[in-house]
Amino acid sequence: MSSTPHRPSVAPAQLSWWFQDALQAETGQAAPTPLAGELTVDVVIVGGGFTGLWTALVLKEQQPDLNIALLEAALCGSGASGSNGGKVHGYWASLQGMSESIGEDAALAVARAGTRAQDAIRAFATAPGRDVWWREAGNLRISTAPAQDQKIAGYTSAARRLGVADTAIALTPEQVASRCRSPVFRGGVWFPEGANVHPARLARALRVAALEAGVAVFENTPMLGLDRGAPNRVRTPNGQIIARDVVLATNVGLAGEPEVKAHVSVFSSFALMTQPAPELLRQMGWPGDEGIADLRMFLHYFRKTVDGRVLMGSGSGPISYGGDAADPSLTQDPASVARAERGLRRLLPALAQVAVDKAWGGAIDISADRLPFFRTIPGTRVHYGCGYSGHGVNPTYVGAQCLAALVLGRKNEWSTLPLCTRALPSFPPDPFRTYGARAIRWGFISCEEAEEQEQSGPLLARALASLPRLLGMRIGTR
Ligand SMILES: Cc1cc2nc3c(=O)[nH]c(=O)nc-3n(C[C@H](O)[C@H](O)[C@H](O)COP(=O)(O)OP(=O)(O)OC[C@H]3O[C@@H](n4cnc5c(N)ncnc54)[C@H](O)[C@@H]3O)c2cc1C
Numbered sequence: 002m003s004s005t006p007h008r009p010s011v012a013p014a015q016l017s018w019w020f021q022d023a024l025q026a027e028t029g030q031a032a033p034t035p036l037a038g039e040l041t042v043d044v045v046i047v048g049g050g051f052t053g054l055w056t057a058l059v060l061k062e063q064q065p066d067l068n069i070a071l072l073e074a075a076l077c078g079s080g081a082s083g084s085n086g087g088k089v090h091g092y093w094a095s096l097q098g099m100s101e102s103i104g105e106d107a108a109l110a111v112a113r114a115g116t117r118a119q120d121a122i123r124a125f126a127t128a129p130g131r132d133v134w135w136r137e138a139g140n141l142r143i144s145t146a147p148a149q150d151q152k153i154a155g156y157t158s159a160a161r162r163l164g165v166a167d168t169a170i171a172l173t174p175e176q177v178a179s180r181c182r183s184p185v186f187r188g189g190v191w192f193p194e195g196a197n198v199h200p201a202r203l204a205r206a207l208r209v210a211a212l213e214a215g216v217a218v219f220e221n222t223p224m225l226g227l228d229r230g231a232p233n234r235v236r237t238p239n240g241q242i243i244a245r246d247v248v249l250a251t252n253v254g255l256a257g258e259p260e261v262k263a264h265v266s267v268f269s270s271f272a273l274m275t276q277p278a279p280e281l282l283r284q285m286g287w288p289g290d291e292g293i294a295d296l297r298m299f300l301h302y303f304r305k306t307v308d309g310r311v312l313m314g315s316g317s318g319p320i321s322y323g324g325d326a327a328d329p330s331l332t333q334d335p336a337s338v339a340r341a342e343r344g345l346r347r348l349l350p351a352l353a354q355v356a357v358d359k360a361w362g363g364a365i366d367i368s369a370d371r372l373p374f375f376r377t378i379p380g381t382r383v384h385y386g387c388g389y390s391g392h393g394v395n396p397t398y399v400g401a402q403c404l405a406a407l408v409l410g411r412k413n414e415w416s417t418l419p420l421c422t423r424a425l426p427s428f429p430p431d432p433f434r435t436y437g438a439r440a441i442r443w444g445f446i447s448c449e450e451a452e453e454q455e456q457s458g459p460l461l462a463r464a465l466a467s468l469p470r471l472l473g474m475r476i477g478t479r
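Reading the sequence shown from the start, the letters are residues 2 to 479 in our numbering.
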């Protein structure tokens, strides 16, 4: 890799390219309103990302007379929901790992819930008048080094064993090349369920839909404190909300809560957006709109945009100490941006000369089995959901249905999912958790980078990278 940049060509920015684009595209929409004074509602939702906004909409759909307020510390969509890769897919690519951690029947139930979510998101995204760049061409995982080849059979054999062979289809190197051509691509696996979206425009469209449905949306309104009780009281800088039910949809903001702390670690993911290069994309041979990722643990994920840009991400960002969601390295790590850029230049060398427009990073909430969980704090009417583990665009809709069922006290196909009922595995306590995870991350990244050069990683790196398997843990990002 002689062209390896040691420094990224752009520094990580505060706002994602997506979020800035979405705000620029908005015309005539309701200005953000902060809360002033006291309000009493049936349900208050804290957090205006996909989880909070979908939950508000699902609740309104199921019980239109419900009085709902939603509080967002900044602007709706300004968190992970407006800055991710915009790759939308459920759980068919996770069958193998889920079968090991929650059992085969439970794995199938979660994957089928993901398909229901995909249908609902598609229906919302493609409704007349919405321009959220929904493109559906499946989800592709590609081997980019001999060491990744063996993983392909794992996906397809899990799907075959569970009787859903058509959800994961092995591709030869030639078949991969017909979808996206690169000198480093080898074989791959194609999951028909998968789409790309403009995540920030989707989040902002959900905000509009929530307002239209009668949800009282308060932006620039952080929750400063929650007094649990009957009713609950949510305190904000200039007011408070009294509510029977509270839904905490604050993503990594939940990682410090006593109920969550043992089960969630805060990692980070970094992405960049190139300038438009539609002609180069056509010449290199990437005609479709697949969402693509390599088969590393700390993977590269990439996709095109409708204006011919490429987003390239690297799920290899720093890990904060003790689940500290405010750690600046989660959003400001030039080394992680450089890894994403190295991925761009290695995986898509046809774009070698295309400049990077913007790069940014964001925190991700990794759970010990890499599945989200939705719960009610025992003895209260406070509900919460997190643990998406870097895979939340589709699963936040599943989460919204689960949280709505918890709020309404309904036992249904969502609230009986293992996402609401399984015993949650824990991480070891700190400092072992953080230092252990950092050492394992270093081991994985060192090995995976060496494997791309067809070398094996240093002995210490290999030993560290094998630890999660030896301890029966599933870590990393996807
Ligand atoms: C760089 C990156 C790339 C990713 N790529 C993908 C991908 O391609 N596909 C995929 O499926 N997933 C991806 N993810 C993960 C996905 O974005 C998240 O899992 C998902 O958006 C989580 O949604 P959320 O609503 O739970 O959280 P968020 O969108 O973070 O929303 C939480 C909101 O709560 C607000 N908040 C926090 N504290 C308070 C408070 N005290 N008071 C009021 N409001 C508060 C925040 O401001 C925030 O807006 C990626 C994540 C990152 C960071």
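Ideal placement from N, C-alpha and C gives every residue a C-beta, glycine not left out.
Along the chain, where does the alpha helix (DSSP H) containing residue 428 start, and where does it finish? Per DSSP, residue 428 is not a residue of any alpha helix (DSSP H), being assigned neither H nor E.
Identify every residue that forms a DSSP beta bridge with residue 228. BP columns for residue 228 point to 234.
What does the alpha-carbon distance come out to for the pair residue 32 and residue 238? The straight-line gap from Cα to Cα measures roughly 19 Å.
So residue 155 and residue 171 are supposed to be a Cβ contact under 8 Å. How far apart are they, rounded? Not quite, the Cβ-Cβ distance comes to about 11 Å (not below 8 Å), so this is no contact.
If the criterion is Cβ atoms closer than 8 Å, does the pair residue 270 and residue 362 meet it? Yes, they are a contact pair.
Is the region 61-79 touching the region 345-357, taking contact as three or more C-beta pairs under 8 Å? These segments do not touch.
Does the region 282-293 touch the region 127-138, meaning 3 or more C-beta pairs lie closer than 8 Å? Because the criterion of three Cβ pairs below 8 Å is met, the region 127-138 and the region 282-293 touch.
For a quick check, are the C-beta atoms of residue 285 and residue 301 less than 8 Å apart? Going by C-beta atoms, residue 285 is not nearer than 8 Å to residue 301.
Please check the pair residue 214 and residue 61, which I expect to be a contact at CB under 8 Å, by giving their CB distance rounded to whole angstroms. The Cβ separation is near 4 Å, so the contact holds.
With DSSP collapsed to three states, give me the class of residue 271. Here residue 271 sits in strand by DSSP.
Whole runs of the beta strand (DSSP E) within the region 53-104, excluding any shorter than 3 residues: With a minimum length of 3 residues, the continuous beta strand (DSSP E) runs that stay inside the region 53-104 are 69-72.
Sequence-distant residues of its chain with Cβ nearer than 8 Å to residue 168 (five each side left out): These residues qualify, in order along the chain: 93, 96, 112, 160, 192, 193, 194.
On the DSSP bridge assignment, give the partners of residue 241 in chain order. Partner(s): 39, 236.
Does DSSP classify residue 460 as helix, strand or coil? Three-state DSSP puts residue 460 in a helix.
How do the region 408-423 and the region 442-450 stand: do at least 3 beta-carbon pairs fall below 8 Å, yes or no? No, because fewer than three Cβ pairs between the region 408-423 and the region 442-450 fall closer than 8 Å, the two stretches do not touch.
Leaving out the 5 sequence neighbours to the left and right, which residues in its chain are closer than 6 Å to residue 221 when beta-carbon positions are compared? Excluding sequence neighbours, residue 221 sits near 33, 35.
Beta-ladder partner(s) of residue 384, from DSSP: In the DSSP output, where bridge partners are listed per residue, residue 384 has 248, 377.
Do residue 438 and residue 320 come within 8 Å of each other at the CB atom, strictly closer than that value? Yes, Cβ-Cβ distance for residue 320 and residue 438 is below 8 Å.
6 Å CB neighbourhood of residue 5 in its chain, flanking five on each side removed: Any answer about residue 5 is weak, because its pLDDT of 49 lies below 50 and its placement is not dependable; what the coordinates show is given next. The residues are 343.
If you reduce the DSSP assignment to three classes, tell me which class residue 320 lands in. Residue 320 falls in the coil class under three-state DSSP.
Between residue 391 and residue 240, what straight-line distance do the alpha-carbon atoms span, to the nearest angstrom? So the alpha carbons of these two residues sit roughly 33 Å apart.
Among all the DSSP beta bridges, which residues are the ones paired with residue 45? As computed with DSSP, residue 45 is found in a beta bridge with 70, 247.
If you compare alpha carbons, which of 248, 434, 211, 116 is closest to residue 395? Of all alpha-carbon atoms in 248, 434, 211, 116, the one lying nearest the alpha-carbon of residue 395 is that of 116.
Can you tell me whether DSSP reads residue 455 as helix, strand or coil? Taken through DSSP and simplified to helix, strand or coil, residue 455 comes out as coil.
N- and C-terminal bounds of the beta strand (DSSP E) containing residue 152: In the DSSP annotation of this structure, residue 152 is not part of any beta strand (DSSP E); the continuous alpha helix (DSSP H) holding it starts and ends at 147-162.
Thinking C-beta only, is residue 324 closer than 8 Å to residue 267? Using a Cβ distance threshold of 8 Å, residue 267 and residue 324 count as a contacting pair.
The region 368-381 contacting the region 352-360, beta-carbon criterion three pairs below 8 Å: The region 352-360 and the region 368-381 do not touch, with fewer than three beta-carbon pairs separated by less than 8 Å.
Using the beta-carbon count (16 or more within 10 Å), is residue 76 buried or exposed? Classified as buried, residue 76 has 16 or more neighbouring CB atoms from the shown chains inside 10 Å of its CB.
Cα-Cα separation between residue 41 and residue 208, rounded to whole angstroms: Taking the straight line joining both Cα atoms gives about 21 Å.
Does DSSP put residue 200 in a helix, a strand or coil? Residue state, collapsed to three classes: helix.
Smallest Cα separation from residue 264: which of 190, 388, 339? The shortest C-alpha separation from residue 264 is found at 388.
Please list the terminal residues of the continuous alpha helix (DSSP H) segment that includes residue 400. Where residue 400 is concerned, the enclosing alpha helix (DSSP H) stretches over 396-409.
Let me confirm a value: residue 509 is counted as buried when at least 16 other C-beta atoms fall within 10 Å, else exposed. Which label applies? In the structure displayed, the chain extends from 2 to 479; residue 509 sits before or after that span and is not available.
So is the beta-carbon of residue 397 under 7 Å away from any non-hydrogen atom of ligand 1? Residue 397 Cβ: within cutoff of ligand 1.
Any 3 or more C-beta pairs closer than 8 Å across the region 96-111 and the region 141-149: In this structure the region 96-111 does not touch the region 141-149; the number of beta carbon pairs closer than 8 Å is below three.
Kindly list the residues whose CB is nearer than 8 Å to the CB of residue 108, restricted to its own chain and excluding five residues on each side of it in sequence; keep chain order. Correct list, in chain order: 92, 95, 96, 99, 100, 163.
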